[in-house]
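Novice: Sharing a structure here in structure tokens format.
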Amino acid sequence: MASPGYGKRSAPGQAPCDPHAFAHLPAREAYIASHIDRLPDGAAMDAKTLAKELPYGQQAVRTALNNLSEAGHLRRVREPAGDGTTQWVFRTYFSRTARSDAWWERWLNEGDEPQPDATPQRSAAYDALATLGLADPRLALSARECADLEPLAAEWLARGIPPARLIAALTAGLPASVHSPAAFTRRRLREKMPPEPPLPPAPSGRRIMECTSCRTPGRPEALSGGLCRVCRGVDVPDDAGVNARHQAAVRNHAARVRAGIRPGGRA
Numbered sequence: 000m001a002s003p004g005y006g007k008r009s010a011p012g013q014a015p016c017d018p019h020a021f022a023h024l025p026a027r028e029a030y031i032a033s034h035i036d037r038l039p040d041g042a043a044m045d046a047k048t049l050a051k052e053l054p055y056g057q058q059a060v061r062t063a064l065n066n067l068s069e070a071g072h073l074r075r076v077r078e079p080a081g082d083g084t085t086q087w088v089f090r091t092y093f094s095r096t097a098r099s100d101a102w103w104e105r106w107l108n109e110g111d112e113p114q115p116d117a118t119p120q121r122s123a124a125y126d127a128l129a130t131l132g133l134a135d136p137r138l139a140l141s142a143r144e145c146a147d148l149e150p151l152a153a154e155w156l157a158r159g160i161p162p163a164r165l166i167a168a169l170t171a172g173l174p175a176s177v178h179s180p181a182a183f184t185r186r187r188l189r190e191k192m193p194p195e196p197p198l199p200p201a202p203s204g205r206r207i208m209e210c211t212s213c214r215t216p217g218r219p220e221a222l223s224g225g226l227c228r229v230c231r232g233v234d235v236p237d238d239a240g241v242n243a244r245h246q247a248a249v250r251n252h253a254a255r256v257r258a259g260i261r262p263g264g265r266a
């Protein structure tokens, strides 16, 4: 077990326990997620401790934790200890229900509505709709139809439904023929819309999200999938030496930031 207050914390509003809760994940990630799901709050969440409890090495566990972060199941956060001191603690929030970046940001900001992307690319919602025709040809959609239905599908993802479950819900129990795939899909998106997950009570102090991999503090919108740009491999120089120096600089910067936000705190 980790020191009190320093390990796992359960995210609010999760779905009930389900043996198929992690069926959308690769086998290794599903196994590790199931193990973490069974751990009590406060249990250690570092790769070294988990590797002692699992049939995987530390590097495999670190990779799996990063993948679980990108899939929306966990975020690493630094927040006040809540005992009246100025101490900050490091916690890993785990959610059995996969959450979107928007949900995690809204939770972190104590109820603030997430802002839309300034330069939207092909979203996970669009890709899920574009995949419908591969899952079942009766729901094949055009590019324009995918774009029209994207806001509704995005709302599903924002409510914690992963793309695989969205596709399954839209393609389950189809009639023998679908005369208008777009109209049929729109009706299902509206009629089967899951409820909005409840947000946690407003915390007594602010939270700061960290990169799941390297623990660099950052704003939620900069930590897509809970990972910083360096750990996601975005805009990283090709030259290995430059890359190594860049990552070392990031780690040093992160250490300085942590020192600044943890007056009197422990590592």
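Start counting the sequence shown at 0; every next residue gets the next number (numbering that gives the first Met the number 0). Don't be surprised by glycine CBs; every beta carbon is placed ideally from N, CA and C.
Does the structure place the segment 89-109 close enough to the segment 63-75 that three or more beta carbon pairs sit under 8 Å?
Specialist: Cβ pair count under 8 Å is three or more, so yes.
Novice: Could you spell out the range, first to last residue, of the beta strand (DSSP E) harbouring Leu151?
Specialist: Along the sequence shown, one-based indexing puts residue 151 at 152. First-last for Leu151: Ala142 to Ala157, but that is the alpha helix (DSSP H), not the beta strand (DSSP E).
Novice: Whose CA, out of Arg164, Ala20 and Ala153, lies closest to the CA of Ala124?
Specialist: Reading the sequence shown from its first residue, position 125 is the one you call residue 124. Answer by Cα proximity: Ala153.
Novice: According to the Cβ coordinates, are Ala32 and Leu24 closer than 8 Å?
Specialist: The residue labelled residue 32 in the question sits at position 33 within the sequence shown. The residue labelled residue 24 in the question sits at position 25 within the sequence shown. The answer is yes: Cβ separation under 8 Å.
Novice: Take Gly56 as the anchor and find which of Ala221, Arg27, Glu69 and Glu78 has the nearest alpha-carbon.
Specialist: For this step, residue 56 is matched to residue 57 along the sequence shown. Cα-wise, what sits closest to Gly56 is Arg27.
Novice: Entirely within the segment 46-104 and at least 4 residues each: give me those alpha helix (DSSP H) ranges in chain order.
Specialist: Qualifying alpha helix (DSSP H) stretches, in chain order: 46-52 and 57-69.
Novice: Buried or exposed: Ala221, going by 16 or more other Cβ atoms within 10 Å of its Cβ?
Specialist: Start at 1 with the first residue of the sequence shown, and residue 221 comes out as number 222. That one is exposed.
Novice: When DSSP builds the beta bridges, which residues end up paired with Ile207?
Specialist: As a first step, residue 207 must be located in the sequence shown, where it is residue number 208. DSSP, once it has assigned bridges, lists Arg77 as partnering Ile207.
Novice: Pairing CB atoms from the segment 5-22 with CB atoms from the segment 41-48, are three or more of them under 8 Å?
Specialist: The answer is yes - the segment 41-48 touches the segment 5-22, with three or more Cβ pairs under 8 Å.
Novice: In angstroms, rounded to a whole number, what distance separates the CA positions of Leu151 and Gly12?
Specialist: As a working note, residue 151 is residue 152 in the sequence shown. As a working note, residue 12 is residue 13 in the sequence shown. Taking the straight line from one Cα to the other gives about 21 Å.
Novice: Touching or not, the segment 168-177 and the segment 133-145, by the rule of three or more beta carbon pairs under 8 Å?
Specialist: Yes, the segment 168-177 is in contact with the segment 133-145.
Novice: Using DSSP's beta-bridge definition, name the partner residues of Pro268.
Specialist: Outside the displayed span of the chain (0 to 266) sits residue 268, for which this structure offers no information.
Novice: Can you tell me where the alpha helix (DSSP H) holding Ser33 begins and where it ends?
Specialist: Along the sequence shown, one-based indexing puts residue 33 at 34. It spans Ala26 to Arg37 - the alpha helix (DSSP H) in which Ser33 sits, taken as one unbroken run.
Novice: From this set, Cys213, Ser99, Ile166 and Ala20, which residue's C-alpha is nearest Lys191's C-alpha?
Specialist: Your numbering for residue 191 matches position 192 in the sequence shown. Here the closest residue by C-alpha is Ile166.
Novice: Looking at the secondary structure, which residues open and close the alpha helix (DSSP H) in which Arg186 lies?
Specialist: By one-based count along the sequence shown, residue 186 stands at place 187. That run of the alpha helix (DSSP H) goes Pro180 to Glu190.
Novice: If contacts are defined as beta-carbon pairs under 8 Å, then Ile207 and Glu104 qualify, I think. What distance do you get, rounded to the angstrom?
Specialist: The residue you call residue 207 lines up with position 208 of the sequence shown. The residue you call residue 104 lines up with position 105 of the sequence shown. That pair is no contact at about 12 Å.
Novice: Where Leu188 and Trp155 are concerned, what is the direct C-alpha to C-alpha distance, given to the nearest angstrom?
Specialist: Reading the sequence shown from its first residue, position 189 is the one you call residue 188. Reading the sequence shown from its first residue, position 156 is the one you call residue 155. Taking the straight line joining both Cα atoms gives about 8 Å.
Novice: So, His34 versus Leu64, is the Cβ gap smaller than 8 Å?
Specialist: Along the sequence shown, one-based indexing puts residue 34 at 35. Along the sequence shown, one-based indexing puts residue 64 at 65. No, they are not a contact pair.
Novice: Any idea which residues DSSP pairs Arg8 with across the strands?
Specialist: Position 9 of the sequence shown, counted from the start, is the residue given in the question as residue 8. Tyr92, per the DSSP bridge assignment.
Novice: Mind checking Pro15: buried by the 16 CB within 10 Å criterion, or exposed?
Specialist: Locating residue 15 in the sequence shown gives position 16, counting from the first residue. By the neighbour-count rule (16 or more Cβ atoms within 10 Å), Pro15 is not buried but exposed.
Novice: With a cut-off of 8 Å on the beta carbons, I'd call Gly159 and Pro219 a contact; round off their distance for me.
Specialist: Residue mapping note: residue 159 aligns to position 160 of the sequence shown, counting from 1. Residue mapping note: residue 219 aligns to position 220 of the sequence shown, counting from 1. Between Pro219 and Gly159 the Cβ distance is about 16 Å, and since that is not below 8 Å, they are no contact.
Novice: Report the option in Lys51, Ala20 and Ala142 whose CA atom is closest to the CA atom of Ala181.
Specialist: By one-based count along the sequence shown, residue 181 stands at place 182. For the residues Lys51, Ala20 and Ala142, the minimum Cα distance to Ala181 belongs to Ala142.
Novice: Taking only the alpha-carbon atoms, compute the straight-line gap between Thr184 and Pro162 and give it to the nearest angstrom.
Specialist: Here residue 184 refers to the residue found at position 185 when the sequence shown is read from its first residue. Here residue 162 refers to the residue found at position 163 when the sequence shown is read from its first residue. Approximately 15 Å, taken between the alpha carbons.
Novice: Please report how far the alpha carbon of Arg98 lies from the alpha carbon of Gly225, in whole angstroms.
Specialist: As a working mapping, residue 98 is identified with position 99 in the sequence shown. As a working mapping, residue 225 is identified with position 226 in the sequence shown. Answer to the nearest angstrom: the Cα atoms are 11 Å apart.
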